[in-house]
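Heads up, the thing below is written out as structure tokens.
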Amino acid sequence: MLNKAYRIILEKNGHKVEATTNGQEALDAVKRFKPKVILLDLLMPKMGGIEFLRKYDAIKLNKNVKVVVLTNLGKEESIQEAMDLGAYKYIIKAHSSPGDLANLVNHLIKKNIVKD
Numbered sequence: 546m547l548n549k550a551y552r553i554i555l556e557k558n559g560h561k562v563e564a565t566t567n568g569q570e571a572l573d574a575v576k577r578f579k580p581k582v583i584l585l586d587l588l589m590p591k592m593g594g595i596e597f598l599r600k601y602d603a604i605k606l607n608k609n610v611k612v613v614v615l616t617n618l619g620k621e622e623s624i625q626e627a628m629d630l631g632a633y634k635y636i637i638k639a640h641s642s643p644g645d646l647a648n649l650v651n652h653l654i655k656k657n658i659v660k661d
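Using this note's numbering, you'd call the opening residue of the sequence shown number 546 and step up by one each time.
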């Protein structure tokens, strides 16, 4: 349900969105979709977000892609591990709205923080 809300608001802001339901699908999708920003939950079936970050780092096709972790795991060790593995930002879902996330993505792209 929340995934759909994020997708709708990002598309309304003019962004192309590829949504997946698990970590393995996400890893496969980044190879073909070539995103500028990856929104990543840490709790996913088949492959969690931390494992995704490890594998993504090994195959990273564009080092300028920003990974924004969007999860409800607020433990300091989860945050630190995600950041150590290359996450650009760590957002707790309960403390953020889909509009806040859309503003962040817009900022990253408009300020040229992410590049092709």
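Ideal placement from N, C-alpha and C gives every residue a C-beta, glycine not left out.
Please read these numbers as outputs of a predicted model, since none were measured by experiment.
Provide the residue(s) that pair with residue i in DSSP beta bridges, ordered along the chain.
i, result
"isoleucine 637", "Thr616"
"lysine 611", "Val582"
What does a CB cutoff of less than 6 Å around residue i pick up in its chain, not counting 5 residues either side in sequence?
i, result
"threonine 616", "Asp586 and Leu587"
"asparagine 567", "Met589, Pro590 and Lys591"
"alanine 574", "Glu563 and Thr565"
Note down, in chain order, each residue of its chain lying with its Cβ closer than 7 Å to the Cβ of residue i, except the 5 sequence neighbours on either side.
i, result
"glutamate 556", "Val562"
With a 10 Å radius around its C-beta and 16 neighbouring C-beta atoms as the bar for buried, classify residue i as buried or exposed.
i, result
"alanine 639", "exposed"
"isoleucine 595", "buried"
"lysine 611", "buried"
"leucine 606", "exposed"
So which of the options has the shortest CA-CA distance to residue i?
i, options, result
"asparagine 651", "Glu570, Ala550 and Val582", "Val582"
Could you pull out every residue in the same chain whose Cβ sits closer than 8 Å to the Cβ of residue i, ignoring the five residues on either side in sequence?
i, result
"leucine 646", "Tyr551, Ile554, Leu555, Leu584, Val613, Leu615 and Ile636"
Next item on the list: Entirely within the segment 568-607 and at least 4 residues each: give me those alpha helix (DSSP H) ranges in chain order.
Entry: 568-578 and 594-604
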